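Under our numbering, the first residue of the sequence shown carries the number -10, and numbering increases by one thereafter.
Glycine included, every Cβ here is placed at the ideal spot set by N, Cα and C.
Owing to the predicted nature of the structure, the values given are computational and were not obtained by experimental measurement.
Here's the structure we're looking at; comments come further down.
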Amino acid sequence: MDAFGRTIDYLRISVTERCNERCVYCMPSGYHPAGGRSEQLTREELVRVAEAATGLGFRKFRLTGGEPLLREDLPEIVRDLARLPGVGCLGLSTNGVRLAPVARQLRDDGLRTVNISLDALDPQIYRRITGGEVAPVLAGIRVALAAGFEQVKLNCVLMRGVNEGQIWPLILFASEHGLPLRLIELMPVTTSTVLTDRNFLPVSEAMALVGQHDELEPQPDRHLGWGPARYYRLRRTGALVGFIGAITDQHFCATCNKMRLTANGRVRPCLGDHGELDLRAALRSANSAAALRAVLAAAMAQKPKEHQFCAQYQPDRPMTAIGG
Ligand code: SAM
Ligand code: SF4
């Protein structure tokens, strides 16, 4: 429990800052290494952190980045974490580009859920947003579905003037494949020039756009699957659509249940607040689970009541470095 009565049981672990895409809202000029590889936590260190976190009641773990599928030892990391007693759910967030060849193996290794970013179905619009090709991502989605994960979800970041025309095609695609789709408000987590008021599309508008096609029925269980989305079932199509109002939802932070571990070993209690604690120092100086638990507990105690995105927040490191 944190200082505001929230149960914090979800750790998002960034396994790498590297990425093979260059999304306009995240890493528009591609990946440029800042620190050496030695700064990145090793597989063994990641496992020690996760083990310490389970000792504090963390149950849900998600591997992210950067693009986690670029990390060569990801299957081994998945295998090690999935075996830890106390790990209730282990998920992956990916851009999906490299998913198809490894999805089955990762499922066998113990990965339980996958979130795949898909901001557009139209290849040109997809390329404009990410710099890459949509076809391998669609192949990755198909293989992930066949691999028997407990849950596969799609994520789409909303940008006015860029992909609002893709919302309805994405909903149809998602419902055709039985996948929940989450529509996410753009957050100021990079200094990218795409983050202007002009590009910002609030979830209220996205809901109105969806409402032109189908009727939205709020789902009684607001937080299906631990996440921050408010879900609606579309009456006619049956699609399940989640809206993540990171900026405009006044109650967004009240139900936050997560902390983040950066690829270089900092614990970040809140994505939209600069506070961080150095876990790598504890990992490399003291070989004790108690020392790790102490840093994680301190981070939990420091978790702020709410993010600073609406207070002229200036990102100090990109989301790839924090672990989106
Ligand atoms: N590379 C993987 C991917 O793209 O899914 C995992 C890391 S990425 C940082 C995790 C999630 O953060 C993705 O769904 C991405 O769309 C989202 N994201 C990145 N920058 C964002 C921003 N400025 N606002 C909102 N969501 C963002
Ligand atoms: Fe890479 Fe994901 Fe960021 Fe896009 S959102 S640049 S795929 S880390």
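Identify the continuous beta strand (DSSP E) that holds M176 and give its terminal residues. Segment: none, M176 is in no beta strand (DSSP E) and carries neither H nor E.
Measuring CB to CB, does V36 end up less than 8 Å from L88? Here V36 is not near L88, since their CB atoms are 8 Å or more apart.
For my contact list, E56 and C8 are in at a C-beta cut-off of 8 Å; report their separation, rounded to the angstrom. 4 Å
Tell me the residue span of the alpha helix (DSSP H) that contains F50. Careful: F50 lies outside any alpha helix (DSSP H), inside the beta strand (DSSP E) at 49 to 54.
Does the beta-carbon of L83, which I'm using as the reference point, lie nearer than 7 Å to any heavy atom of the ligand SAM? One point to set straight first is that residue 83 is Thr, not Leu, in the sequence displayed. Result yes, Cβ under 7 Å from the ligand SAM.
Which word fits M176, buried or exposed, when buried means at least 16 other C-beta atoms lie within 10 angstroms of its C-beta? buried
Pull up the distance between the alpha-carbon of R51 and that of G216, whole angstroms please. The C-alpha of G216 is placed about 11 Å away from the C-alpha of R51.
Quick one: grab the DSSP three-state call for E206. Strand, per DSSP.
In angstroms with no decimal places, state the Cα-to-Cα distance between A252 and P169. 28 Å
Since I173 and N144 should fall inside the 8 Å C-beta cutoff, what is the C-beta to C-beta distance between them, to a whole number of angstroms? Between N144 and I173 the Cβ distance is about 6 Å, and since that is below 8 Å, they are a contact.
As a quick exercise: from Q94, G231, A286, Q113, pick the residue whose alpha carbon is nearest that of S164. G231
Go ahead and label H240 buried or exposed: buried means 16 or more other beta carbons lie within 10 angstroms of its beta carbon, across all protein chains shown. exposed
Cut-off 7 Å between Cβ atoms - residues of its own chain near Q208, not counting five sequence neighbours on either side: Y220, Y221, R222
Assign R269 to one of two classes, buried (16 or more other C-beta atoms within 10 Å of its C-beta) or exposed (fewer than that). buried
Name the residue from A271, C245, E265 whose alpha carbon lies nearest to the alpha carbon of A(-8). C245
What number of angstroms, rounded off, separates the C-alpha of E6 from the C-alpha of Q155? Their Cα atoms are separated by approximately 28 Å.
The alpha helix (DSSP H) that contains G200, what's its start and end? In the DSSP assignment, G200 falls within the alpha helix (DSSP H) that extends over 192 to 200.
Using CA atoms only, rank isn't needed, just tell me which of R11, E40, A228 is closest to S277. The residue from R11, E40, A228 with its alpha-carbon nearest to that of S277 is E40.
May I have the straight-line CA-CA distance separating D97 from L134, to the nearest angstrom? Using only the alpha carbons, I get a separation of about 14 Å.
Which whole-angstrom value is the C-beta distance of L190 and M196, which I expect to be below 8 Å? Contact check for L190 and M196: beta-carbon distance about 11 Å, past the 8 Å limit, so the pair fails to qualify.
How about L73 and T31: are their beta carbons less than 8 Å apart? no
Do P55 and the ligand SF4 come close, with the Cβ less than 7 Å from some heavy atom? Going by the sequence as given, residue 55 is Gly instead of Pro. Yes.
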